[in-house]
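Residue numbers (our numbering): 25 to 358.
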């Protein structure tokens, strides 16, 4: 038996019942699998959300996310609360703690004396001293005397880093110049986060440079970052190259120790090394070199250098009970 469809007949095509049944069955099976695959699809039903810039700032520096340049973290209030909870949970009280046996009860001076007198650490001497790859490290560095060379706590370097990094939205490929990096109290944090060779420093004190090269960089595992740290005075930046421009130039409690004339010479040389409009210069503590001139005269002097004063910032530390004053400058748009 055969049935004919008018359109099929017009073309001379005739379909038998078995063929028609088979065709309908195949189509039904195909439709079933198609619907099943669509219902189990893991594709997003809506476009991915736009990244939250504020949340991006909460990515920890040094983590896999921050290494991709996705953000930067400052210490958060919840971090401080966590520390307080841990102290309370462990029954640690703010009281005078007397050093006990088992906790090295010696001052740095005593440790240094022990190193000199009793060879406090094992090391090669005489002809054997060249049979290894290490370079000599002065005893004063081994007991970290250089951590006490500056007025503020060594740990305060983290505060400075957090403030400056957030202020410019630091990225791993940012170029940073510190004027007077000392023993890298602040610089270590920048070096750790930035790409190799992206941290530069001009430092005049030889003992500080010794501490940076022979102790801090090796001890922190940062030799591979190859920071460009140059010994120099009189605000001479010629060794940093003429082509480099900086996202951040900062001086932490340095300009207040310099003669005003030298500070202005330095600003004149730095103006052209600052990235136009987006780059920033930050100076901490005071700007006596500017305030002594008076407001209008200072503005004129800055304008002649192509710089613009943006304002004063008070940075309150979440980690320690102190604050710092910072003054911000940029290249003028004119």
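Heads up, the beta-carbon is just placed ideally off N, CA and C, and yes, glycines get one too.
Quick caveat, the model's predicted, so the values are computed rather than measured.
Excluding its 5 nearest sequence neighbours in each direction, residue 353 has C-beta neighbours in its own chain below 6 Å: 305, 331 and 333, listed in chain order. The C-beta distance from residue 206 to residue 229 rounds to 7 Å, short enough to meet the 8 Å contact threshold. Per DSSP, reduced to three states, the secondary structure at residue 327 is helical. Ranked by Cα distance from residue 263, the first of 240, 226 and 231 is 226.
Contact check for residue 196 and residue 218: beta-carbon distance about 6 Å, within the 8 Å limit, so the pair qualifies. Under the DSSP assignment, residue 216 falls in the alpha helix (DSSP H) whose first and last residues are 211-217. Three or more beta-carbon pairs drawn from the region 164-183 and the region 338-358 are found closer than 8 Å, and the two stretches are therefore classed as touching. In the three-state DSSP reduction, residue 132 falls in the helix class (H, G or I). Assigned with DSSP and collapsed to three states, residue 296 falls in coil, not helix or strand. In chain order, 226, 275 and 278 place their CB closer than 6 Å to the CB of residue 203, counting only its own chain and leaving out the 5 sequence neighbours on each side.
Non-local beta-carbon contacts of residue 290 in its own chain, meaning distances under 6 Å to residues more than five positions away in sequence, involve 259 in chain order. Note: residue 225 is bridge-paired with 202 and 253 in the DSSP secondary-structure output. Counted as a single uninterrupted DSSP element, the stretch harbouring residue 178 is not any alpha helix (DSSP H), since DSSP gives it neither H nor E. Apart from the 5 residues on each side of it in sequence, residue 284 sits with its Cβ closer than 8 Å to the Cβ of 312, 313 and 316 in its chain, given in chain order.
Taking all protein chains in view, the Cβ of residue 189 is crowded by 16 or more other Cβ atoms within 10 Å, so the residue is classified as buried. The beta-carbon distance between residue 191 and residue 208, rounded to whole angstroms, is 20 Å. This is too long to meet the 8 Å contact definition. Secondary structure note for residue 317: it is in no beta strand (DSSP E), with a DSSP letter that is neither H nor E. Note on residue 111: under 16 other CB atoms within 10 angstroms of its CB, so exposed under the neighbour-count rule.
Distance from residue 201 to residue 273 at the Cβ level is roughly 5 Å; contact confirmed, criterion being Cβ atoms closer than 8 Å. Annotation: the continuous alpha helix (DSSP H) that includes residue 102 extends over 101-113. Relative to residue 256, the option among 245, 233 and 240 whose CA is nearest is 233. DSSP places residue 183 within a helical segment (H, G or I) once states are collapsed to three.
Counting other Cβ atoms within 10 Å of its Cβ, residue 350 reaches 16 or more and is therefore classed as buried.
When only Cα atoms are considered, residue 341 and residue 309 end up about 15 Å apart. Beta-bridge annotation (DSSP): residue 350 is paired with 308 and 337. When secondary structure is reduced to three states using DSSP, residue 149 falls in the coil class, being assigned neither helix nor strand. Annotated three-state conformation of residue 208 is coil, per DSSP.
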